[in-house]
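So that you can map any letter, position 59 of the sequence shown is 171 in our numbering, and since no number is skipped, the others follow by simple counting.
Glycine is no exception: its CB is placed at the ideal position from the N, C-alpha and C atoms.
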Amino acid sequence: TRGRALEPPPQAFPPLQIGASQVGACVGVHPYADVDELWHGLIYQGAAGAALERADADALGASLETRDEAVARILRNASAETRRTVATARLAGLSGATSTRDIKRAEMLVAAAADAAVARGE
Numbered sequence: 113t114r115g116r117a118l119e120p121p122p123q124a125f126p127p128l129q130i131g132a133s134q135v136g137a138c139v140g141v142h143p144y145a146d147v148d149e150l151w152h153g154l155i156y157q158g159a160a161g162a163a164l165e166r167a168d169a170d171a172l173g174a175s176l177e178t179r180d181e182a183v184a185r186i187l188r189n190a191s192a193e194t195r196r197t198v199a200t201a202r203l204a205g206l207s208g209a210t211s212t213r214d215i216k217r218a219e220m221l222v223a224a225a226a227d228a229a230v231a232r233g234e
């Protein structure tokens, strides 16, 4: 095409890899799965996915943080009651943890307490 710059070819992504347990989580067989976290991991899978995530964050003017970083940020402004609730959830979940399911349940309790703090405007 005369006078038009050709667009570069799209970046090739490696094939998406989805494990059987991830499929189970998506269809509700795995009750302790964090589906938001699962989809995030599938969308931004591998090195190309990490680059895409950074590009998406830059395009949106957002900063990236891990779940633990987000909980820590929320707790800095949370009430003493919320901080105690989160600490109790962590201790209760991790001290009695005998499986990855127990650890996941504890993580979900901590996330729920942080979400409740946000909902209360803390």
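Quick check on residue i: buried or exposed, where buried means 16 or more other Cβ atoms within 10 Å of its Cβ?
| i | result |
| --- | --- |
| threonine 113 | Summary for threonine 113: the model assigns pLDDT 49, below 50, so the residue's position carries little reliability; its value from the coordinates is reported in the next sentence. With fewer than 16 Cβ atoms within 10 Å of its Cβ, threonine 113 is classed as exposed. |
| valine 198 | buried |
| isoleucine 130 | exposed |
| alanine 132 | exposed |
| alanine 167 | exposed |
| alanine 226 | buried |
DSSP three-state label for residue i, please.
| i | result |
| --- | --- |
| leucine 164 | helix |
| proline 126 | coil |
| threonine 113 | With a pLDDT of only 49 at threonine 113, under the threshold of 50, the placement of this residue in the model should not be trusted; the figure read from the coordinates follows. Reduced to three states, the DSSP call for threonine 113 is coil. |
| valine 230 | helix |
| glutamine 157 | coil |
| aspartate 180 | helix |
| proline 152 | The displayed chain sequence assigns histidine, not proline, to residue 152. Histidine 152 falls in the helix class under three-state DSSP. |
State yes or no: is the C-beta of residue i within less than 8 Å of the C-beta of residue j?
| i | j | result |
| --- | --- | --- |
| leucine 150 | alanine 160 | no |
| arginine 202 | valine 230 | no |
| glutamate 234 | alanine 190 | yes |
| leucine 154 | leucine 128 | yes |
| alanine 169 | leucine 176 | yes |
Apart from the five residues on each side of it in sequence, which residues of its chain come closer than 7 Å, Cβ to Cβ, to residue i?
| i | result |
| --- | --- |
| lysine 216 | Tyr144 |
| histidine 142 | Ser133 and Gly136 |
| glycine 158 | Pro126 |
| leucine 164 | Tyr156 |
Less than 8 Å between C-beta atoms, sequence neighbours within five positions excluded: which residues of the same chain meet that for residue i?
| i | result |
| --- | --- |
| arginine 195 | Leu187 |
Within its chain, find whatever has a CB closer than 6 Å to the CB of residue i; leave out the 5 residues flanking it on each side and keep chain order.
| i | result |
| --- | --- |
| alanine 228 | none |
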